[in-house]
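**Q** Residue numbers (the numbering used here): 47 to 303. By construction, the Cβ of each residue, glycine as well, lies at the ideal position given by its N, Cα and C atoms. Since the structure is predicted, the reported quantities are computational estimates derived from the model, not experimental observations. Structure below; questions to follow.
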Ligand code: CAA
């Protein structure tokens, strides 16, 4: 399938989506969100793909939603087109999603990274929600994700001031998983993705579902889902392979079955 705003590549078991509007620092227009989501869903269905990587270029992961595209919107035009609804589909992706961030991850760009399961960032990456400076606020989940990750006290400060945070600050608040030299971001992302691609895929998806449940449900509901998923894992061949390999003292080979 040909795309206008993204580039798509497969490297072994890893599916890579690269945001590709470099002239506007990968500003996210509506077509780009549609293309990202369609491609994530295609990789999620593709039996050869085990991990999905989302990346930008050296200067920007993405500098936010496309301001020019939305500047003349009205509440009614938003209501009728509901452009943020498609973002919800990212939360249904079952395979691991890794955001690989160089440069700016601002506004909708930061929200896109926060929709991923892991973030690998350059030491000089900049994360932030500058929407307040435009007289608005984040609209694709920023206030919710940031508050759940860093707590109300700090989240409201960042959101009110709108200044970018460094990769070190983002790591300190548990937003970023790894920080590396800017030239090593791609390598570190692929290393992490390859490592994950060797893990049993069914376990990974059951863990993702249970962890996501922990974020927005009462403890008891999360515990019940975890238990159900634990029982379910015993219907996979990978469970037999993993436990047999342990007692036979050899490395397991997981097939995702
Ligand atoms: N939308 C549209 N165009 C954008 C853009 C955006 N979010 N961010 C950058 N661009 C464009 C610029 O207009 C510029 O285009 P021209 O060359 O045609 O003038 C080009 O990208 C390069 O940008 P700059 O010249 O501004 O580059 P810089 O290095 O001086 O500054 C920057 C970089 C600090 C990231 C600055 O571009 C900037 O502040 N961008 C806007 C960031 C922002 O406000 N993001 C939030 C958007 S709202 C949102 O995301 C809502 C939501 O929750 C979904």
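Considering only their Cβ atoms, is the gap separating residue 136 from residue 86 smaller than 8 Å?
**A** Within the chain shown, numbered from 1, the residue matching residue 86 stands at position 40. Within the chain shown, numbered from 1, the residue matching residue 136 stands at position 90. In contact: residue 86 and residue 136 (Cβ atoms closer than 8 Å).
**Q** Is the stretch 109 to 120 in contact with the stretch 86 to 100, if contact means three or more CB pairs nearer than 8 Å?
**A** No: fewer than three Cβ pairs fall under 8 Å.
**Q** Any residue with its C-beta under 6 Å from a non-hydrogen atom of the ligand CAA counts. Can you list them all in chain order?
**A** 70, 71, 73, 109, 110, 111, 112, 113, 114, 150, 152, 153, 154, 157, 176, 177, 180, 184, 185, 186, 188
**Q** Using a Cβ-Cβ cut-off of 6 Å (strictly less than) and excluding sequence neighbours within five positions of residue 216, which residues of its own chain qualify?
**A** Counting from one through the chain shown, the residue named residue 216 turns up at place 170. Here the set comprises 173, 222.
**Q** Which first and last residues belong to the alpha helix (DSSP H) in which residue 123 is found?
**A** Taking the chain shown and counting its residues from 1, the one referred to as residue 123 is at position 77. Counting along the chain, the alpha helix (DSSP H) containing residue 123 begins and ends at 121 to 127.
**Q** Apart from the five residues just before and just after residue 139, which ones in its own chain have a Cβ nearer than 6 Å to its Cβ?
**A** Translated into the one-based positions of the chain shown, residue 139 becomes position 93. Closer than 6 Å at Cβ, skipping near neighbours: 86, 90.
**Q** Helix, strand or coil, according to DSSP, for residue 274 in the structure here?
**A** Locating residue 274 in the chain shown gives position 228, where the first residue counts as 1. In this structure, DSSP gives residue 274 a helical state, which the three-state scheme calls helix.
**Q** Please report how far the alpha carbon of residue 194 lies from the alpha carbon of residue 92, in whole angstroms.
**A** Locating residue 194 in the chain shown gives position 148, where the first residue counts as 1. Locating residue 92 in the chain shown gives position 46, where the first residue counts as 1. Residue 194 and residue 92: Cα-Cα distance of roughly 32 Å.
**Q** Is the stretch 227 to 247 touching the stretch 60 to 80, taking contact as three or more C-beta pairs under 8 Å?
**A** yes
**Q** Which runs of the alpha helix (DSSP H), 4 residues or longer, sit entirely within the stretch 59 to 135?
**A** 76 to 91, 113 to 116, 121 to 127
**Q** Spatial neighbours of residue 235 within its chain, please: CB distance less than 8 Å, with the 5 preceding and 5 following residues excluded, ordered by chain position.
**A** Numbered from its first residue, the chain shown carries residue 235 at position 189. Once the five neighbours on either side are set aside, the close Cβ partners of residue 235 are 99, 101, 144, 146, 166.
**Q** With DSSP collapsed to three states, give me the class of residue 140.
**A** Counted from its first residue, the chain shown places residue 140 at position 94. Note: residue 140 maps to coil in three-state DSSP.
**Q** For residue 132, which residues in the same chain have their Cβ closer than 7 Å to its Cβ, ignoring the five residues on either side in sequence?
**A** Taking the chain shown and counting its residues from 1, one reaches residue 132 at position 86. So the qualifying residues of the chain are 79, 80, 83.
**Q** Alpha carbon to alpha carbon, how far is residue 265 from residue 253? Give it in angstroms, no decimals.
**A** Indexing the chain shown from 1 puts residue 253 at position 207. Indexing the chain shown from 1 puts residue 265 at position 219. Using only the alpha carbons, I get a separation of about 15 Å.
**Q** Quick check on residue 300: buried or exposed, where buried means 16 or more other Cβ atoms within 10 Å of its Cβ?
**A** Here residue 300 refers to the residue found at position 254 when the chain shown is read from its first residue. For residue 300, the number of other beta carbons within 10 angstroms of its own is at least 16, and it is reported as buried.
**Q** What's the C-alpha gap between residue 186 and residue 154?
**A** If you number the chain shown from 1, residue 186 lands on position 140. If you number the chain shown from 1, residue 154 lands on position 108. Cα to Cα, residue 186 sits roughly 7 Å from residue 154.
**Q** What residues in its chain sit with their C-beta under 7 Å from that of residue 211, if we drop five residues either side in the sequence?
**A** By one-based count along the chain shown, residue 211 stands at place 165. Only 173, 174, 204 meet the Cβ criterion.
**Q** Nearest to residue 30 by alpha carbon, out of 272, 129, 152?
**A** Examination of residue 30 is not possible in this model, given that the chain is present from 47 through 303 alone.
**Q** Nearest by alpha-carbon distance to residue 67: which of 97, 95, 54, 108 is it?
**A** Along the chain shown, one-based indexing puts residue 67 at 21. Checking every option, the nearest Cα to that of residue 67 belongs to 108.
**Q** Beta carbon of residue 208, beta carbon of residue 179: below 8 Å?
**A** As a position in the chain shown, residue 208 is number 162, starting the count at 1. As a position in the chain shown, residue 179 is number 133, starting the count at 1. Cβ atoms of residue 208 and residue 179: closer than 8 Å.
**Q** Among 56, 74, 286, 228, whose alpha-carbon lies nearest the alpha-carbon of residue 302?
**A** Indexing the chain shown from 1 puts residue 302 at position 256. Comparing Cα positions, the closest option is 286.
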